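Sequential numbering from 3 applies to the sequence shown in our numbering.
Structure first, then comments.
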Amino acid sequence: MKHLDLFSGIGGFALAAQWAGIETVAFCEIDNECINVLNKNFPAIPKHRDIRDLDGKQYEGIDIITGGYPCQPFSVAGMQKAAKDNRHLWPEMLRIITQAKPTWAICENVYGHVSLGLDSVQHDLEANGFTSQPFIIPALSTGANHNRDRVFIVAYSSSNGLNGRTTTRSDAEANDNSKKRAKQNSNHERCSGLRFGMDWQGNKIGRRGTKPPPLRVDDELPKRMDRNKMIGNAIDPMIAYEILRTIKVI
């Protein structure tokens, strides 16, 4: 399966796709610091810069498009202007989706999106042949020690995809595929820390490790504020992994 990552940030969706055995074919990210991180971790993958200049037709028939479009129009920490905010870029993501015609689209945003703009996003997806379902998933659901509620919209179109094929399989095929991948997924979770983690002192603590001690100014971490900002804007890749590996099984 192939994946186009929009509003890529530092590559949370791409990392999750890598864990799930899905190939990321391109990024789209405008922030220079994030591009530096992507170039370091994914040097061979092309990077588009401004989504407004991206032509989705060059990725027509791709399996999956992901993107966490800017949250400022919907966040309770902002002015909540929604579509009137000049950072409202959902229409650009929708344009790419309608041009590329993926089988799956995964959209991510803040909890405030539930009461502001979510209905419009789902209406737009439905108008373009997608069935969608929003999920409110906190980071603590995968073992993190903070809540971090986020909305993940999973959309599917049986008429889209490469060569007009559908993703849906028979129950027997799906069950057979699940059995084949069960051992592989189990091994991956053990290796990656999804099932059992270590805290910063090396103690076994369950599914995920606790965060390290807070970094202060005297830690002299280069570009500390830039890094904190990028991490704060990033998705939780372990949540994305659970969604993507389920799609892969289907």
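The C-beta atom is built at its ideal place from N, Cα and C for all residues, glycine as well.
Quick caveat: nothing in here was measured; it's all calculated off a predicted structure.
inquiry  = Looking only at its chain, what residues have a beta carbon closer than 7 angstroms to the beta carbon of A19, apart from the 5 residues adjacent to it on each side?
reply    = Closer than 7 angstroms at Cβ, skipping near neighbours: H5, T26 and L246.
key: Which of helix, strand or coil DSSP assigns to E31   = coil
query = Nearest-angstrom Cα distance between K103 and S159?
reply = 9 angstroms
key: Short Cβ contact (8 angstroms threshold) for I155 with P136   = Yes, they are a contact pair.
key: Proximity to Y71 [Cα-Cα], best of C36, T248, E110 and T100   = E110
message = Considering just the uninterrupted stretch of the beta strand (DSSP E) at A157, what are its terminal residues?
response = R152 to Y158
inquiry  = Between N41 and the ligand FAD, is there a pair consisting of the residue's CB and a ligand heavy atom that are separated by less than 7 angstroms?
reply    = Absence of the ligand FAD is noted for the structure shown, with no ligands found whatsoever.
Residues near M95 in its chain [Cβ-Cβ closer than 6 angstroms; skip 5 each side] = L8, G69 and Y71
message = Considering Cα atoms alone, identify which of A242, I99 and D238 is closest to D65.
response = I99
task = Please report the residue range of the alpha helix (DSSP H) in which P93 lies.
result = W92 to A102
query = Under a three-way DSSP split, which group does G69 fall into?
reply = strand
ask   = Per DSSP, what kind of secondary structure is E62 in: helix, strand or coil?
value = Shown here, E62 sits in coil according to DSSP, grouped into three states, outside any helix or strand.
S134 - containing alpha helix (DSSP H), residue span = Note, S134: premise wrong, no alpha helix (DSSP H); beta strand (DSSP E) at T133 to I139.
inquiry  = Taking the beta strand (DSSP E) that V112 belongs to, which residues open and close that run?
reply    = In the DSSP annotation of this structure, the continuous segment of the beta strand (DSSP E) that includes V112 starts and ends at W106 to V112.
ask   = Leaving out five residues before and five after I32 in sequence, what residues of the same chain have Cβ atoms less than 7 angstroms from its Cβ?
value = The answer, listed in chain order, is R51 and D52.
query = Which residue from T144, H148, S161 and R152 puts its Cα closest to that of N130?
reply = Nearest in C-alpha terms to N130, of all of T144, H148, S161 and R152, is S161.
request  = With DSSP as the reference, label H148 as helix, strand or coil.
outcome  = Coil at H148, not helix or strand.
query = Going by alpha carbons, who is nearest to R152 out of K59, C36, G13 and P140?
reply = P140
task = May I ask you to report which of helix, strand or coil DSSP gives D228?
result = The answer is helix: DSSP assigns D228 an H, G or I state.
D126 - containing alpha helix (DSSP H), residue span = Residues L120 to A129.
L8, enclosing beta strand (DSSP E) - first and last residue = K4 to L8
task = Decide if D238 is buried, meaning its Cβ has at least 16 other Cβ atoms within 10 Å, or exposed.
result = buried
query = By how many angstroms is the C-alpha of V39 removed from the C-alpha of A22?
reply = Using only the alpha carbons, I get a separation of about 21 angstroms.
request  = Just mark S134 as buried or exposed, buried being the case when its beta carbon has 16 or more other beta carbons within 10 Å.
outcome  = buried
ask   = With a CB to CB cut of under 6 angstroms and the five nearest residues on each side skipped, what residues in its chain are close to H190?
value = Only weak support is given to the placement of H190: the predicted model assigns it a pLDDT of 44, under 50, and the value that follows is read from those uncertain coordinates. Same-chain partners within the cutoff: there are none.
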